[in-house]
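Some notes on the structure that comes next.
Chains as they are written, first to last, in my numbering: chain A, 1 to 113; chain B, 114 to 225.
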């Protein structure tokens, strides 16, 4: 079945550092790919998405590129802030989201001032 | 719109009791999803509805769990009887067609 693998944390960085959170997937066909963020005590919020190969999703300085050849969707940000501290989830959906999401385990990101 | 609304936000109950979680999706959304989040298993899709009809309940752990969507603006997830291993955060999410899902704040359930 479909699955998502992402690096496990916690990942601890200093403010203004460069961020990469790796995500790879296994799926039949061509799924849509998503990054969600969860702040403490809150639900998940969509951060960005890409629906086909070579698409780049971007939002709030974060970006990720859908790489079909490597089945990856790594999340990057050039300069992180303390407010970026949260848990980040990579997810996929074969039906563009309409059939539910398969999530990775989540990566806890801690940004130190 | 107020977003996806879930109630209660926190629930503490004793083993064997019935638990009912409630969800009001965003108006106009035609898909509704129930997810469970635990440290051990992460986020799991339990069931989802399209136009109030259950489409896939293969993620429902066992017969103690049931979900209904009597109309477009309300859904329930019921656990009867509850067990300590059901302790988790339960999220409801909704979406319009194949657009991205919006999640509610979750219900944190503790079964003693």
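Here a beta-carbon is modelled for each residue, glycine too, at the ideal position from N, C-alpha and C.
Please read these numbers as outputs of a predicted model, since none were measured by experiment.
Inset, instruction - Can you give me the start and stop residues for the beta strand (DSSP E) that residue 117 (chain B) sits inside? - result: It is not in any beta strand (DSSP E) - residue 117 (chain B) carries neither H nor E in the DSSP assignment.
Inset, instruction - Measure from the alpha carbon of residue 216 (chain B) to the alpha carbon of each residue in A:17, A:37, A:12 and A:33, then state which is nearest. - result: A:37
Legend entry - residue 123 (chain B) - partner residues in DSSP beta bridges: B:221
Inset, instruction - Give the DSSP bridge partners of residue 108 (chain A), in chain order. - result: A:87
Legend entry - Cβ neighbours of residue 126 (chain B) in the same chain (closer than 8 angstroms, five flanking residues each side left out): 132, 195, 222, 223, 224 and 225
Inset, instruction - Could you check what DSSP says for residue 82 (chain A) in three-state terms: helix, strand or coil? - result: helix
Legend entry - Inter-residue Cα distance where the pair is residue 27 (chain A) and residue 118 (chain B): 32 angstroms
Inset, instruction - Express the C-alpha separation of residue 91 (chain A) and residue 212 (chain B) in angstroms, rounding to a whole number. - result: 14 angstroms
Inset, instruction - Could you check what DSSP says for residue 99 (chain A) in three-state terms: helix, strand or coil? - result: coil
Legend entry - Distance between beta carbons of residue 88 (chain A) and residue 71 (chain A), contact taken as under 8 angstroms: That pair is no contact at about 18 angstroms.
Inset, instruction - Following the continuous beta strand (DSSP E) through residue 21 (chain A), name the residue where it begins and the one where it ends. - result: 19-21
Inset, instruction - Using a Cβ cut-off of 8 angstroms, pull out every chain D residue sitting near residue 61 (chain A), in sequence order please. - result: Although the question refers to chain D, the structure presented lacks it and instead comprises the protein chains A and B.
Inset, instruction - Closer than 9 angstroms, Cβ to Cβ, to anything on chain B: give me those residues from the segment 92-108 of chain A, in chain order. - result: 93, 95, 96, 97, 98, 99, 100, 101, 102, 103, 104, 105 and 106
Legend entry - Within-8 angstroms CB hit, residue 18 (chain A) to chain B: no
Inset, instruction - Provide the residue span of the beta strand (DSSP E) that contains residue 200 (chain B), from first to last. - result: Per DSSP, residue 200 (chain B) belongs to no beta strand (DSSP E) and is neither H nor E.
Inset, instruction - Give the DSSP-derived three-state secondary structure of residue 210 (chain B) in the structure shown. - result: coil
Legend entry - Which of helix, strand or coil DSSP assigns to residue 155 (chain B): strand
Inset, instruction - Would you check if the distance between the CB atom of residue 8 (chain A) and the CB atom of residue 105 (chain A) is smaller than 8 angstroms? - result: yes
Legend entry - Cutoff 7 angstroms; reference residue 189 (chain B); Cβ partners in own chain excluding five residues on either side: 133, 134, 135, 180 and 181
Inset, instruction - Flag residue 213 (chain B) as yes if its beta-carbon sits less than 8 angstroms from any beta-carbon of chain A, otherwise no. - result: yes
Inset, instruction - Just confirm the distance between the C-beta atoms of residue 25 (chain A) and residue 73 (chain A), as a whole number of angstroms; I'd bet it's less than 8 angstroms. - result: 7 angstroms
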